[in-house]
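S.K.: Read in order, the letters of the sequence shown correspond to residues 0 to 265 in numbering that gives the first Met the number 0.
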Amino acid sequence: MNIYEFLPIKLLIRGAYWLVTTLSDLIEPVAGAQSAAVAIILLTLAVRLLLIPVGRSQVKATLARQRIAPKLAELQRKYKNPEVLQRKTMELYQTEKASPFAGCLPVLAQMPVLMAVYGLFILPDVDGHPNELLTKSFLGIPLDAGLAPQLFGGTISLTHALVGVAIMVLIGVVTQVSRRLLTPPTQAPAPKPANLPEGMPDLSGMTKMMSFVPFITVFIAAIVPLAAALYLATTTTWTLCERLVLGKIYGTLPHAQKPAPEKPEA
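1) Quick one: is Gly54 buried, meaning 16 or more other Cβ sit within 10 Å of its Cβ, or exposed?
2) In three-state DSSP terms, what is Asp124?
3) May I have a chain-ordered list of the alpha helix (DSSP H) segments no shorter than 4 residues that lie completely inside the segment 211–254?
4) Which same chain residues, not among the five before or five after Leu133, have their C-beta less than 6 Å away from its C-beta?
5) For Ser136, list the residues DSSP reports as bridge partners.
6) What's the call for Gly127, buried or exposed, on a 16-neighbour Cβ count within 10 Å?
7) Specify, as a first and last residue, the run of the alpha helix (DSSP H) that Phe5 falls within.
8) Check whether the Cβ atoms of Leu44 and Trp237 sit closer than 8 Å, and answer yes or no.
9) Using 8 Å as the cut-off, can you tell me whether the segment 29–44 makes contact with the segment 224–241, which would need three or more C-beta pairs spanning the two stretches below that distance?
10) As a quick exercise: from Asn130, Ala220 and Lys135, pick the residue whose alpha carbon is nearest that of Gly171.
11) Suppose the cutoff is 7 Å on Cβ atoms and the five residues either side in sequence are ignored; what does the same chain contact list for Leu113 look like?
12) Could you tell me which of Leu11, Gly145 and Arg86 sits nearest to Met110, measuring between CA atoms?
13) So the candidates are Pro141, Val83 and Glu95; which of them puts its Cα closest to the Cα of Ser66?
14) Out of Leu225, Arg242 and Leu243, state which residue places its alpha-carbon closest to the alpha-carbon of Pro117.
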């Protein structure tokens, strides 16, 4: 089954196609042959502008986690049984009205956008008409061409290779720096329980999972069409800038916070 035949996604693609082509036509006198790529970048910025409230909520969630960090450290010191510790940790989050999963919200909110951009540059037709975006390019590189497929197919140009590598390096560096800004300086995560109670999420692997985010994002950028890679580069750069600004306002930057000191053993 083609997921892009699912009605809600089909409508999403139709609306995204109209937005990109309309904006591309409007800025073509200025942007020239790069108009479609510039339109993708501008629409990405517009989406991130609309998601600023989500970013603020994420920063507030970070503050909440920093606030309860001493209590988490106390729980880790008090409860040696991993299963009990996991349960007490979840109870603490519920009592303090904090969520360990708040950092996932901005990513989830952007998934429909990434899906739309990806679909726009792989579908041969949209709403029964030929997909004009497949004829667009950026610096002479087709926007529907992915770095890895072109590389393994032996059809990649030097320009595409250089642009692709530059985008991946940018995404990797920016995502890694952003991840460090998003990670509150708390104590080490609790050990993973052997038998997790039913219905209770495992929090012990979240830090380890987050450490792979830069590599996963770079991998995705390498295999998706160039247009989607430009989206990823733009949105990750926005995330870093947003973290810096909101972190300065709310005092969540690493240099502004110190880990809670551990209490000496009796």
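Ideal placement from N, C-alpha and C gives every residue a C-beta, glycine not left out.
M.R.: On the basis of the coordinates in this document:
1) buried
2) strand
3) 212–222 and 225–249
4) Asp143
5) Pro141
6) exposed
7) Premise fails: Phe5 is in no alpha helix (DSSP H) and is neither H nor E.
8) yes
9) yes
10) Ala220
11) Ala227 and Tyr230
12) Leu11
13) Looking at the sequence itself, residue 66 is Arg, so the reference to Ser does not match. It is Glu95 whose Cα lies nearest to the Cα of Arg66.
14) Reading the sequence as shown, one finds Tyr at residue 117 and not Pro. With distances taken between Cα atoms, Tyr117 lies closest to Leu225.
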